[in-house]
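In the numbering used here, the protein residues as written are 104 to 508.
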């Protein structure tokens, strides 16, 4: 009886201790990051609703419910990842990251083999009615992987590190190849740029970096010469049509229809827009108004000024990630934050570039605003990792200041 009486207070004390640890952890929750993220998600829900009002595949309320549900799941993922004190430099975590990358690569391979063709690419795999786009999750898992591989090669007190071997970039290279074969050109470009910029931030030798960039530039220059060859391959027909639309949408037939109507939408909106819900182009003229081209609807209904306000909010998020990356004491943490900042910048540039015709349309969505549960959940995981690392940096900085005093 006495043992039972003693055990009860211990269990109670353990629960109180756990609650106190969680409360203490929330002291380091970075509101400079969290508030803009939540604000963008809420704005995204509103725009998904208004952009979906004339969709043939479902009512606007059904799209809103799905997006709001995944918004809640994303915020839950953010908070769960944030709460745990993860030792990102530990062997266990790095083995876990490697395992996750391998699982995602296998999933990408399966998707390439048996996945259905959606918008000209085999990028989706379905579990019941829920579709998963593996490359979206590979982006953050690759960032974690390369941050560890590059950080562990940096000698102390040296700004540049010597040897980047093929095995260090094997996982990213396999992922890029699989993504290209799907073919998801937008996803492949994002992965390449993340890898290149993180390599730069890590201080990779100029020779290695220039070699990598030279290969990318040569491939880009070779595109006009490769197009006649690639055009004969059945799975590149869709991408070739998009490139033709980029060169001259008015001469590209149906392939240029989407871009032309995007021009009309942005032109209709002007500086201040036609008013929320008053878009003309979403009424059957602009394909996929709630996904890839949702920013065209934002421009039409709320004007160019709202697009700039959205970009300012994202600039705040990116700036915060960079500032906290500079403050990080561990290179691993720094490279992860820089990688996530790069991911956001590149994804926004490729999406908006396609919307305004500055770049070929690639099917890349706008972060947290475009409709898509799988994409939104992947962003939740990404920002959960960012907030976890930022929380650790703030905790270490505060403890260091206290010890110094």
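Note that CB positions come from ideal geometry on N, CA and C, so glycine has one too.
In this text, all values refer to a predicted model and were calculated from it rather than measured experimentally.
Residues near residue 348 by beta carbon distance below 6 angstroms, same chain, minus five either side
Short of 6 angstroms from the beta carbon of residue 348, and not among the five residues preceding or following it, lie these beta carbons of its own chain, in chain order: 355, 358, 359 and 362.
Give the DSSP-derived three-state secondary structure of residue 474 in the structure shown.
Correct three-state label for residue 474: coil.
Note down, in chain order, each residue of its chain lying with its Cβ closer than 6 angstroms to the Cβ of residue 144, except the 5 sequence neighbours on either side.
If you ignore the 5 residues before and after residue 144, its C-beta comes within less than 6 angstroms of the C-beta of 174 and 471, all in its own chain and listed in chain order.
Cα-Cα separation between residue 301 and residue 365, rounded to whole angstroms
Looking at the two C-alpha atoms, the distance is approximately 33 angstroms.
Looking at the unbroken beta strand (DSSP E) that takes in residue 229, where does it start and where does it end?
Element bounds for residue 229: 228-230.
For residue 385, is the classification buried or exposed, using 16 other Cβ atoms within 10 angstroms of its Cβ as the cut-off for buried?
Looking at its Cβ environment, which holds 16 or more other Cβ atoms inside 10 Å, residue 385 is buried.
Does the beta-carbon of residue 193 have 16 or more other beta-carbons within 10 angstroms, so that it is buried, or is it exposed?
Residue 193 is exposed by the Cβ-count criterion.
Contact defined as beta carbons within less than 8 angstroms: I believe residue 217 pairs with residue 226. What is the distance between those atoms, to the nearest angstrom?
Contact annotation, residue 217 with residue 226: C-beta distance approximately 13 angstroms; criterion of less than 8 angstroms not satisfied.
Please name the residue in 195, 158, 235 and 131 whose C-alpha comes closest to that of residue 475.
The shortest Cα separation from residue 475 among 195, 158, 235 and 131 belongs to 235.
Residues that residue 221 bridges to, as DSSP identifies them:
DSSP, once it has assigned bridges, lists 224 as partnering residue 221.
With residue 235 as the anchor, note down where its alpha helix (DSSP H) starts and where it stops.
First-last for residue 235: 233-235, but that is the beta strand (DSSP E), not the alpha helix (DSSP H).
Within 10 Å of its beta-carbon, does residue 481 have 16 or more other beta-carbons around it, so buried, or fewer, so exposed?
When all chains shown are included, residue 481 counts as buried.
Helix, strand or coil for residue 212 per DSSP?
Secondary structure at residue 212: helix, using DSSP grouped into helix, strand and coil.
Just confirm the distance between the C-beta atoms of residue 200 and residue 247, as a whole number of angstroms; I'd bet it's less than 8 angstroms.
Between residue 200 and residue 247 the beta-carbon gap is near 5 angstroms, inside 8 angstroms, which marks them as a contact.
Residue span of the alpha helix (DSSP H) that contains residue 148, given as start and end
From DSSP, the alpha helix (DSSP H) with residue 148 extends over 134-154.
Closest by CA to residue 387, which one among 465, 154 and 431?
For the residues 465, 154 and 431, the minimum Cα distance to residue 387 belongs to 154.
Taking the alpha helix (DSSP H) that residue 404 falls in, what are its first and last residues?
Segment 397-405, the alpha helix (DSSP H) holding residue 404.
Taking residue 373 as the reference, give the member of 211, 452, 479 and 404 with the closest Cα.
Closest by C-alpha distance to residue 373, out of 211, 452, 479 and 404, is 404.
Where in the segment 337-399 do unbroken runs of the alpha helix (DSSP H), each at least 4 residues long, occur, reported from the N-terminal end onward?
340-350 and 360-372, all fully within the segment 337-399.
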